[in-house]
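Asker:
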Amino acid sequence: MRLQVRHAMNRDPVTISHDYTVREAAGMMIDFGLDTLIVTVEDEILGAVTYRDVMHGLLTPGFDPDRVNIGNITDEELILVRPSTALSDATEIMLEADKGTLPVVDQELVGYISFSDILKLVQRAARDEEGDEEEIEPFNPNDYIV
């Protein structure tokens with residue numbers, strides 16, 4: 000079976016408008032337990048911002064999280080994948096472009112995939128005692144909430 004992005008992607012993307020402050024974005028990440036937010040401008044995907052991006056900003060001397068909009072720290076080099084994209088292709092794109100997260104679209108935003116999502120898929124496959132590689136369930140982030 001050829002693994003596709005759909006097998007590992009997070010299907011519950013949270014979007015944030017580019018004009019929210021970094022503090023507001025950090026609050027959303029904490030409230031929702033997320034490491035990635037998809038940044039939008041009038042319902043168009045601008046890019047993605049990660050917890051790491053927010054932390055980098057907060058640790059920069061002189062950075063004011065109440066005055067800097069999330070759009071200012073968003074990685075706007077946008078690379079999109081589809082649910083049907085081969086997981087090996089998505090991983091290669093992520094490595095070559097140094098992207099930790101890729102938005103997943105199918106005419107509209109349907110999710111995102113990150114390295115941690117891929118690792119969770121690998122972990123589930125390794126735990127599969129049946130060895131039935133033909134039946135891999137889609138990722139459900141609620142399975143990992145403690």
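Numbering that gives the first Met the number 0 applies: residue 0 is where the sequence shown begins, and numbers increase by one.
Just so it is clear, CB atoms sit at the ideal spot from N, CA and C, and this is done for glycine as well.
Because the structure is a prediction, the values reported are computed rather than measured.
1) Tell me the DSSP secondary structure of I92 in three-state form.
2) Which of helix, strand or coil does DSSP assign to S87?
3) Whole angstroms are fine: how far does the CA of G46 sit from the CA of V67?
4) Report all residues from its chain with a CB closer than 7 Å to the CB of T49; omit the five preceding and five following residues, and keep chain order.
5) Leaving aside the five residues before and after V80 along the sequence, list all residues of the same chain whose C-beta is less than 6 Å from its C-beta, in chain order.
6) Considering only C-alpha positions, which residue in the set R51, D74 and P82 is nearest to Q106?
7) My guess is that F62 and G70 are in contact by the Cβ rule of under 8 Å, so how many angstroms apart are they, rounded?
8) Where does the unbroken beta strand (DSSP E) through G46 begin, and where does it stop?
9) Suppose the cutoff is 7 Å on Cβ atoms and the five residues either side in sequence are ignored; what does the same chain contact list for D116 look like?
10) Cα separation between I78 and G32?
11) Provide the residue(s) that pair with Q3 in DSSP beta bridges, ordered along the chain.
12) Contact defined as beta carbons within less than 8 Å: I believe I72 pairs with D52. What is the distance between those atoms, to the nearest angstrom?
13) Considering only the beta carbon of each residue, do I15 and A24 sit closer than 8 Å?
14) Could you tell me the distance, in whole angstroms, from the CA atom of D18 to the CA atom of E75?
15) So which of D11, M28, L108 and M54 has the shortest CA-CA distance to D42?
Answerer: On the basis of the coordinates in this document:
1) helix
2) helix
3) 16 Å
4) D34, T35, G99 and T100
5) V4, A89, L101 and V103
6) P82
7) At roughly 15 Å, the Cβ-Cβ gap does not stay under 8 Å, so F62 and G70 are not in contact.
8) E43 to T49
9) A7, M8, N9 and F138
10) 24 Å
11) A85
12) 5 Å
13) yes
14) 14 Å
15) L108
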